[in-house]
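**Q**
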Amino acid sequence: MCHGASYNRLIRFSVQHYGWEKSWETGVTPWDLGKPTPIIEHLVKSGTLPKGRALVPGCGMGYDVVALASPERFVVGLEISNIAAEKAKQWSSSLPNADWFSFLVADFFKWRPSEPFDLIFDYTFFCALDPSMRGAWAETVSRLLKPDGELITLIYLISDQEGGPPYNNTVADYQNVLEPLGFKAVWMEDNELAIKPRKGFEKLGRWKRCGRRQSSL
Numbered sequence: 000m001c002h003g004a005s006y007n008r009l010i011r012f013s014v015q016h017y018g019w020e021k022s023w024e025t026g027v028t029p030w031d032l033g034k035p036t037p038i039i040e041h042l043v044k045s046g047t048l049p050k051g052r053a054l055v056p057g058c059g060m061g062y063d064v065v066a067l068a069s070p071e072r073f074v075v076g077l078e079i080s081n082i083a084a085e086k087a088k089q090w091s092s093s094l095p096n097a098d099w100f101s102f103l104v105a106d107f108f109k110w111r112p113s114e115p116f117d118l119i120f121d122y123t124f125f126c127a128l129d130p131s132m133r134g135a136w137a138e139t140v141s142r143l144l145k146p147d148g149e150l151i152t153l154i155y156l157i158s159d160q161e162g163g164p165p166y167n168n169t170v171a172d173y174q175n176v177l178e179p180l181g182f183k184a185v186w187m188e189d190n191e192l193a194i195k196p197r198k199g200f201e202k203l204g205r206w207k208r209c210g211r212r213q214s215s216l
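Once you know that position 106 of the sequence shown is 105 in numbering that gives the first Met the number 0, the rest is easy, because the numbers rise by one and skip nothing.
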């Protein structure tokens, strides 16, 4: 696997050349780890994650969805790609915890679930969005999350990109759109379990509301 800027260029070429759906159809998906994100497995084992309902937007093949799912936590994997969602269903449908997760094809910004979530996990979804959509991302997160829910962002720090995806982003970019909606990072540390191409370029953020206004969307 390539590293750093080369890795990002490969992702950008794949999406710009093929588009999300075609990339999944042809199997040109350099962002796909082929396994759960290591820090998610660690957090699940730690027992510190909220129970109830969880959401993983832009879930791809759904490895993190499956890792999070348990009798105490039902997880929804949301995808805009029909092919990615179908592939996720195919490989995971016979797993022992299959009753505790589902995959849906929907637009994150327009989707209206029957009830909000206790946990939302964002990894490379934020940085895949055009920067002009970041405010809408935060508003949607606020709408989909319960008042006492938790947002976990695995932030892929990028500063050398021309265009995207992935787009340049910093911790401040998250703060700028989340803090006006009442969110505060109660935890922000380097991700020591980052995969090799992203080692030293990731931070784990855990966000909670602190009593300020919520989204009106």
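Yeah, the Cβ is synthetic: ideal placement off N, Cα and C, and Gly gets one too.
Using the C-alpha atoms, what's the distance from A66 back to I154?
**A** About 19 Å.
**Q** Look at the Cβ atom of L177, then the Cβ atom of E188, and state whether they are nearer than 8 Å.
**A** Result no, Cβ atoms of L177 and E188 do not sit closer than 8 Å.
**Q** Determine the direct distance from the alpha carbon of S92 to that of L118, and round the result to whole angstroms.
**A** L118 and S92: Cα-Cα distance of roughly 23 Å.
**Q** Considering only their Cβ atoms, is the gap separating V55 from F125 smaller than 8 Å?
**A** No, they are not a contact pair.
**Q** Would the beta-carbon of W186 fall within 8 Å of that of R205?
**A** Their beta carbons are under 8 Å apart, which means W186 touches R205 by this criterion.
**Q** Once DSSP output is grouped into helix, strand and coil, what is the label at W136?
**A** Helix.
**Q** Here's the rule: buried if 16 or more other CB atoms are within 10 angstroms of the residue's CB, otherwise exposed. What is L103?
**A** That one is exposed.
**Q** When you compare only the Cα positions, how much space is there between E71 and P146?
**A** When rounded, the distance between both Cα atoms is 19 Å.
**Q** If we call anything under 8 Å between Cβ atoms a contact, is F107 one with A53?
**A** No, the pair does not count as a contact, with Cβ atoms beyond the cut-off.
**Q** In the DSSP output, which residue or residues are listed as bridge partners for M187?
**A** DSSP output for M187 lists G204 as bridge partner(s).
**Q** Specify, as a first and last residue, the run of the alpha helix (DSSP H) that A53 falls within.
**A** Note, A53: premise wrong, no alpha helix (DSSP H); beta strand (DSSP E) at 51-56.
**Q** Could you have a look at F125 and say whether DSSP puts it in helix, strand or coil?
**A** F125 falls in the helix class under three-state DSSP.
**Q** Rounded to the nearest angstrom, what separates R197 and R111 at their Cα positions?
**A** Near 33 Å, if we compare the C-alpha coordinates of R111 and R197.
**Q** If you drop the 5 nearest sequence neighbours on each side, which residues of the same chain put their C-beta closer than 8 Å to that of S265?
**A** Residue 265 is absent from the structure shown; the chain starts at 0 and stops at 216.
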